[in-house]
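In this note's numbering, the protein residues as written are 4 to 485.
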């Protein structure tokens with residue numbers, strides 16, 4: 004970062020390294036901000052992520068002050084604090100969490116992420132889930148029922164179990180030859196039909212009982228219906244809250260309630276320990292001009308980022324729902340001798356992947372990030388000649404952002420099966436994603452411990468506590484080369 008040395012110099016003048024002040028200064032660096040946006044779904048998502056990191060360091064500073072009071076005899080070594088801060092800041096913009104996970108600051112090691120589902124009152128069905136398939140059947144006040152006539156039977160009774168609005172009922176008799184006879188409701192309980200179509204009901208039963216929802220009608224012998232003829236009834240349920248509504252045995256599906264649920268996220272403590280030798284450090288500095296402390300800091304960034312990325316990739320790969328969409332490239336190669344046609348077939352199948360993701364999640368209408376294995380990554384890179392692929396020229400590691408397909412980031416990770424790809428959806432506001440990265444403690448240095456048997460040797464550790472796990476697998480869908 005361009006302002007690293009300036010930040011550390013200013014923060015080192017204080018009695019202890021001030022992470023909150025350092026973050027505020029570092030987050031103004033144009034290079035860091037650019038990297039944050041590049042590793043996010045959108046600028047809105049990047050702003051939300053930056054706010055989360057600010058909270059993480061603020062909470063950490065409070066914890067560290069309490070820690071130093073408890074162990075007042077231990078002095079902090081600013082250089083080590085700087086290294087861990089730098090490693091944390093760099094990992095935030097170099098990890099793949101920005102594409103596949105929501106990031107949250109955790110006040111406690113265990114956190115609850117609340118969400119709401121809309122349920123039906125009468126049967127507890129999930130009408131509108133937070134994510135997933137909806138159930139909208141039977142909600143509309145308008146209803147339709149259709150059935151065939153029974154040969155030799157002239158009397159029919161249809162029970163709708165609905166409080167009906169007078170004048171809303173309409174019946175159509177569709178003959179086998181396609182002709183239609185329309186019958187209307189006169190709002191007085193009678194069905195008005197052309198002459199010779201309907202006869203009086205037995206016992207002078209009213210044709211429409213609006214309170215009970217029972218519709219009764221009798222066709223004439225003159226009409227001569229057969230099993231190939233049909234009737235359909237259309238009407239509207241009275242959902243205005245009439246007291247008689249509560250007398251029905253089936254009160255309809257238009258009553259709802261909110262049920263609050265939560266995702267559970269548990270941060271896992273972890274530690275990295277580095278052992279050093281003062282004599283080796285001095286020798287390397289004099290002979291090679293290399294500061295091993297700087298090397299250790301760079302390696303710490305690399306190791307920490309790789310661990311985070313590995314956990315995110317594993318969470319995505321282990322929680323796939325449904326059967327992957329098959330992309331039959333072997334068949335395409337036999338079918339098309341033209342290479343461009345093969346690539347176009349591959350691209351068309353990605354539309355099927357978007358559809359599968361949309362049907363499963365309802366919210367994710369199209370993927371906005373891909374996690375791929377080796378061979379799948381190669382297929383995406385071959386799209387360069389179509390003009391829809393752009394390489395990430397800054398990539399320097401095999402498990403990294405490969406590039407962009409039609410503006411969508413494609414990340415390769417060797418822990419994903421070679422022929423597999425995972426389509427993911429995270430909204431531009433960063434409000435939900437397939438995974439969560441919950442940060443309870445950032446990289447935190449432990450005091451140096453010397454070896455009493457060899458005073459040139461010492462060990463220094465750093466610990467962190469966070470969670471990288473799957474929470475909404477409905478927002479991801481797999482596809483595979485066949």
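We put the beta carbon where it would ideally sit given N, CA and C, even for glycine.
Looking only at its chain, what residues have a beta carbon closer than 6 Å to the beta carbon of residue i, apart from the 5 residues adjacent to it on each side?
i, result
"residue 101", "42, 43"
"residue 237", "147, 173"
"residue 152", "228, 232"
"residue 91", "445, 446"
"residue 455", "none"
"residue 158", "221"
"residue 235", "149, 175"
"residue 293", "287"
Throw me the rounded Cβ distance for the residue i and residue j pair, which I believe falls under 8 Å.
i, j, result
"residue 408", "residue 383", "5 Å"
"residue 284", "residue 464", "So it is not a contact: roughly 17 Å between Cβ atoms."
"residue 176", "residue 168", "Actually they do not touch by this definition, with Cβ atoms about 22 Å apart."
"residue 240", "residue 166", "6 Å"
"residue 363", "residue 482", "With a Cβ gap of about 13 Å, residue 363 and residue 482 do not count as contacting."
Evaluate residue i with the Cβ neighbour count: other Cβ atoms within 10 Å of its Cβ, from every protein chain shown; 16 or more gives buried, anything less gives exposed.
i, result
"residue 457", "exposed"
"residue 340", "exposed"
"residue 282", "exposed"
"residue 109", "buried"
"residue 207", "exposed"
"residue 396", "exposed"
"residue 59", "buried"
"residue 48", "buried"
"residue 258", "exposed"
"residue 139", "exposed"
"residue 83", "Legend: pLDDT at residue 83 = 41, less than 50; position of this residue unreliable, value from coordinates given subsequently. The residue in question, residue 83, is buried, as its Cβ has 16 or more Cβ neighbours within 10 Å."
"residue 291", "exposed"
"residue 22", "buried"
"residue 487", "With the chain running from 4 to 485 in the structure shown, residue 487 is simply not present."
"residue 326", "exposed"
Which same chain residues end up closer than 8 Å to residue i when comparing Cβ atoms and leaving out the 5 residues on each side of it in sequence?
i, result
"residue 203", "221"
"residue 357", "368, 369, 370, 426"
"residue 389", "343, 346, 347, 350"
"residue 62", "108, 110"
"residue 391", "350, 408, 409"
"residue 135", "129, 363, 364, 365, 477"
"residue 46", "40"
Taking C-alpha atoms, which residue in the options lies nearest to residue i?
i, options, result
"residue 3", "223, 216, 205", "Because the chain spans 4 through 485 in this model, residue 3 falls outside it and cannot be assessed."
"residue 307", "57, 54, 37, 94", "94"
"residue 447", "433, 461, 435, 467", "467"
"residue 145", "138, 163, 157", "163"
"residue 477", "324, 116, 53", "324"
"residue 450", "125, 368, 462", "462"
"residue 320", "472, 388, 276, 35", "472"
"residue 170", "194, 412, 159, 179", "194"
"residue 113", "432, 268, 178", "268"
"residue 305", "399, 271, 54, 234", "399"
"residue 56", "480, 469, 475", "469"
"residue 126", "133, 142, 134", "142"
"residue 375", "338, 258, 418", "418"
"residue 315", "453, 218, 355, 436", "436"
"residue 216", "242, 234, 226", "242"
"residue 178", "150, 192, 187", "150"
"residue 431", "50, 30, 21", "50"
"residue 333", "23, 181, 484, 99", "484"
"residue 38", "401, 331, 32, 96", "96"
"residue 188", "212, 327, 338, 291", "212"
"residue 401", "226, 309, 286", "309"
"residue 201", "209, 21, 226, 360", "226"
"residue 278", "99, 33, 452", "452"
"residue 312", "98, 415, 385", "98"
"residue 154", "182, 104, 230", "230"
"residue 160", "422, 219, 52", "219"
Give every residue of the same chain whose Cβ lies closer than 7 Å to the Cβ of residue i, excluding the five residues on either side of it in the sequence, and list them in chain order.
i, result
"residue 137", "130, 131, 365"
"residue 70", "Legend: pLDDT at residue 70 = 49, less than 50; position of this residue unreliable, no value from coordinates given."
"residue 318", "438, 471, 472, 473"
"residue 133", "118, 119, 120"
"residue 441", "107, 109, 114, 268, 270, 469, 470"
"residue 280", "459, 460"
"residue 190", "169, 170"
Does residue i have its Cβ less than 8 Å from a Cβ in chain C?
i, result
"residue 290", "The chain inventory of the structure shown lacks chain C, comprising one protein chain alone."
Can residue i be considered in contact with the ligand NAP, in the sense that its beta carbon sits closer than 7 Å to one or more heavy atoms?
i, result
"residue 419", "Absent from the structure shown: the ligand NAP. Ligands present: none."
(message) Taking contact to mean 3 or more Cβ pairs, one atom from each stretch, closer than 8 Å, check whether the segment 116-132 and the segment 262-273 are in contact.
(response) yes
(request) For the segment 402-421 and the segment 367-381, state whether three or more C-beta atom pairs, one from each stretch, are separated by less than 8 Å. (result) yes
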